[in-house]
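> First, the structure itself, so that you have it in front of you.
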Amino acid sequence: MSKDVRPSWDNPMQFVLACVSYAVGLGNVWRFPYLCQMHGGGGFLIPYLLMLLLEGIPLFCMELAIGQKMRLGSIGAWSSISPYLSGLGVASVITSLYLCLYYNVINAWSFWYLFHSFQSVLLWAECPVNSNRTGFVEECAVASPTQFFFYRETLNISSSMEETGGGLHMGQALCLVLAWVIVYLFIVRGVKSTGVVVYFTATFPYVVLIIYLIRGVTLHGAWNGVKYMFTPKLEQLANPQTWINAATQIFFSLGLGFGSLIAFSSYNHHHNDFEKQAIAVSLINSGTSIFASVVTFAIYGFKATFNYESCLERNRLLLLNTFDLSEETISVENVTAWISQLNSTHPDTFSTITDKIQDCSLEAELDTAVEGTGLAFIVYSEAIKNMPVPQLWSVLYFLMLLLLGMGSMLGNVTAIITPLADIKVLSRTLSNETINGLVCLLCLLLGLGFTSPSGNYWFTIFNEYAATLSLLFIVFIEVISVCYVYGLKRFEKDIEDMLGHRPHWYLKLMWALVSPLLLLCLFIFYIINYIQGGAPTYQAWDKHMGKSVVKEYPIYGQVFIALLLVSSLSCVPIAALYAFCRRKTRSAVREEHSNTNTAE
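Per the numbering used here: the sequence shown = residues 1073 to 1672.
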């Protein structure tokens, strides 16, 4: 595509909303609250905000500057900087492709739950009756209705990765088709259609979050969760893992290294003020994580309090039935005291129910850390089913998840189609609509495998291994290339040409020294973790026990993980070697041609 006819955003607001819609995603709702819970509540905000300043804002700004200057997708932009860096863009495209394959599956799950929210009784609110109609389905009875609905009705999951029979889950497959059709409609005309869609995908989730905040803080026990979140455990600051998780959360939440930011900014006008936009989007993204955590912990506090009081109620009924006491004698508030009293006054009778008395603890309920799909589709569902008018809150919640996921998908797909549209041979042969459609169709066909009984285990592989190491490597090479291949002084002049002033000394210090060191440390940390961790494992669903159990990946699964890592990482050296050999060949041809002319 020629630079002269390259389409542009209608206005700077569209670009900002596109970046917000891309950066603010599912990780803000389920990953950040989990990290807060795991690493000291409010104390986690200290390393998190520090890492925002040290790597988040500087690297975000750098990628926007590259895209706006080069006005090309990731492959073209890095090839313009140096022919030896074309593999950097290819690695970004491959990583984005991997992300698209499994990320839209989450949107399919959201569709599934959204469609099942229009029921008089939510299907995850109670166990189904068994085929003999003599009781509940055993798997659901030993687990819980919410877990049963997710693992059995939504995933129809097998007991291990090796169990591959059963075919596709047709309901999920249709939801995945719908998800990709909508993505295609959103990006069919490039920035012209994406620029309109982001007004909705970037703003509506905030409307739902505000509604949920108002509802959440008014729920019984909600403040137990909010208080738990903001009660800092400062001893966690001495834990290196806390700082590492804060750095990686900032890194992945902003979507660095995928090529999406370069693609988005390539449609900006030359003098667009990307610097202020980078700061604004970064702050909005981190602010949304904190805001979403308040909402999440309010809901989590309600769930924990509900479970805690239900536990006390079961103990109360057990005492009433065993000791023949009146209803007014024991309340939920004093049941713990009655347990101690009856244990001392009636030890013989109490010994008959000792194994039935449950250990109820609100703190233990709040300490139960849940992340990812477990938080989004199980914990939230369990809380929603206990709310008044659960259908309304279910529709709002899963619609919000769907829009967050779709907003991120716009950036993920744009990172693939923009470099393809920049290839002159393709753009002259195929229309943009056709290229976009073929990309979506390819991703759909490859993604259908995730809807098989063992598909969730492959989903986990992609989620855990497809992007982590490769993105750290990609962005590390990016910042080194800008500062020491392209040249920091030259990059400063480019920014001055676009903005009218040179970048602040803070940004230059981060680019040249601090951010590369942080990225290198993170990369080394992950490699050491992989080596020391032994054979990789996954959580397999045991339908008899009604819970997840740890299993080791089979050999072919471990080989696939290795190939997944190498496939993107190897692009950089292979492309550099290819460029070197091509240059040598051309030099040899020119020299031979010159010698021939001289001889003649």
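Beta carbons are placed, not taken as given, at the ideal position from N, Cα and C, and that holds for glycine.
To the nearest angstrom, report how far apart L1107 and L1474 are at their CA atoms.
22 Å
> Whole-angstrom Cβ separation of A1137 and G1331, contact assumed at under 8 Å?
At roughly 14 Å, the Cβ-Cβ gap does not stay under 8 Å, so A1137 and G1331 are not in contact.
> CB-CB under 7 Å to P1608, same chain, minus the five flanking residues each way: which ones, in chain order?
Y1625, Q1630, I1633
> Have a look at S1074 and D1494 and give me their C-alpha separation to the nearest angstrom.
Low confidence applies here, because S1074 scores a pLDDT of 40, under 50, leaving its location unreliable and the question unanswered by this model.
> Taking Y1558 and I1153 to be in contact with their CB atoms under 8 Å, please state how far apart those CB atoms are, rounded to whole angstroms.
Right, the Cβ-Cβ distance comes to about 5 Å (below 8 Å), so this counts as a contact.
> Just the C-alpha distance for S1539 and L1169, rounded to the nearest angstrom, thanks.
The amino acid at residue 1539 is misidentified as Ser; the sequence shows Ala. Near 10 Å, if we compare the C-alpha coordinates of L1169 and A1539.
> May I ask which residues mark the beginning and end of the beta strand (DSSP E) holding E1624?
1619 to 1624
> Of the residues V1092, Y1537, T1490, V1088, which one's Cα is nearest the Cα of P1277?
Measuring from the Cα of P1277, the nearest candidate turns out to be V1092.
> Do you know offhand how far L1513's Cα is from V1485's?
C-alpha separation (whole angstroms): 12 Å.
> Decide yes or no for the touch test of the region 1227 to 1243 against the region 1524 to 1542: beta carbon pairs closer than 8 Å, at least 3 of them.
yes
> Pick helix, strand or coil for T1540, following the three-state DSSP scheme.
helix
> Please report how far the alpha carbon of A1087 lies from the alpha carbon of G1267, in whole angstroms.
Looking at the sequence provided, one finds Phe at residue 1087 rather than Ala. If you take the alpha carbons of F1087 and G1267, they lie about 7 Å apart.
> Put S1074 into one of helix, strand or coil per three-state DSSP.
Low local confidence applies: a pLDDT of 40 at S1074 is under 50, so the model's placement there is unreliable, with the coordinate-based value given in what follows. Reduced to three states, the DSSP call for S1074 is coil.
> Which same chain residues end up closer than 7 Å to W1590 when comparing Cβ atoms and leaving out the 5 residues on each side of it in sequence?
The sequence shown places Leu at residue 1590, not Trp. Non-local beta-carbon contacts of L1590 in its own chain, meaning distances under 7 Å to residues more than five positions away in sequence, involve L1126, E1127, A1319 in chain order.
> Using only CA atoms, which one of L1482, T1368, L1355 lies nearest to V1269?
L1482
> Can at least three beta-carbon pairs, one atom from the region 1307 to 1325 and one from the region 1099 to 1116, be found at a separation below 8 Å?
yes
> For the putative contact between F1703 and L1328, defined by C-beta atoms under 8 Å, what is the C-beta separation to the nearest angstrom?
The structure shown does not extend to residue 1703, since the chain is modelled only from 1073 to 1672, so the question has no answer here.
> Buried or exposed: where does N1601 fall if 16 or more other Cβ atoms within 10 Å of its Cβ makes it buried?
exposed
> Please confirm whether F1595 and F1545 have their CB atoms less than 8 Å apart.
yes
> Secondary structure at Y1339, three-state DSSP: helix, strand or coil?
coil
> Within the present structure, is the beta-carbon of F1324 separated from the nearest heavy atom of the ligand NAP by less than 7 Å?
By its list of ligands, the structure shown contains no ligand whatsoever, and the ligand NAP lies outside what it can speak to.
> Exposed or buried, which one is H1500 when buried takes at least 16 other CB atoms within 10 Å?
For the record, residue 1500 in the displayed sequence is Arg; it is not His. Under this definition R1500 is an exposed residue.
> Tell me, please, whether the region 1365 to 1372 touches the region 1280 to 1290 by the rule of three or more beta-carbon pairs shorter than 8 Å.
A contact exists between the region 1365 to 1372 and the region 1280 to 1290.
> Excluding the 5 residues flanking D1076 on each side, which residues of the same chain have their C-beta closer than 7 Å to its C-beta?
Its pLDDT being 48, under 50, D1076 is placed unreliably in this model, and the value from its coordinates should be taken loosely. Once the five neighbours on either side are set aside, D1076 has no close Cβ partner at all.
> Could you check where the beta strand (DSSP E) with W1613 kicks off and where it finishes?
1609 to 1614
> Pair every Cβ in the region 1649 to 1661 with every Cβ in the region 1241 to 1260, then say whether three or more of these pairs are closer than 8 Å.
no
> Tell me whether D1566 is buried or exposed, calling it buried when 16 or more other Cβ atoms sit within 10 Å of its Cβ.
D1566 is classed as buried because its beta carbon has at least 16 other beta carbons within 10 Å across all chains shown.
> Roughly how many angstroms separate the alpha carbons of M1134 and D1345, rounded to a whole number?
13 Å
> Quick one, which of L1571, L1579, V1193 has its alpha-carbon nearest M1459's?
V1193
> Candidates E1211, A1197, N1202: which alpha carbon is nearest H1616's?
E1211
> Do we get a CB-CB distance below 8 Å when we pair Q1630 with the residues of chain D?
The chain labelled as chain D is not found in the depicted structure, where only one protein chain is given.
> Could I get the ranges of all uninterrupted alpha helix (DSSP H) runs contained in the region 1182 to 1215, with 4 residues as the minimum, in chain order?
Fully enclosed alpha helix (DSSP H) runs of 4 or longer: 1210 to 1214.
> So, helix, strand or coil for D1569, using DSSP?
In the structure shown, D1569 sits in a helix (DSSP, three-state: H, G or I).
> Below 8 Å on the Cβ atoms is my contact criterion, and I expect G1618 with V1214 to pass it. Report the Cβ-Cβ distance as a whole number of Å.
3 Å
> With a threshold of 16 other CB atoms inside 10 Å of the CB of R1103, please say whether the residue is buried or exposed.
buried
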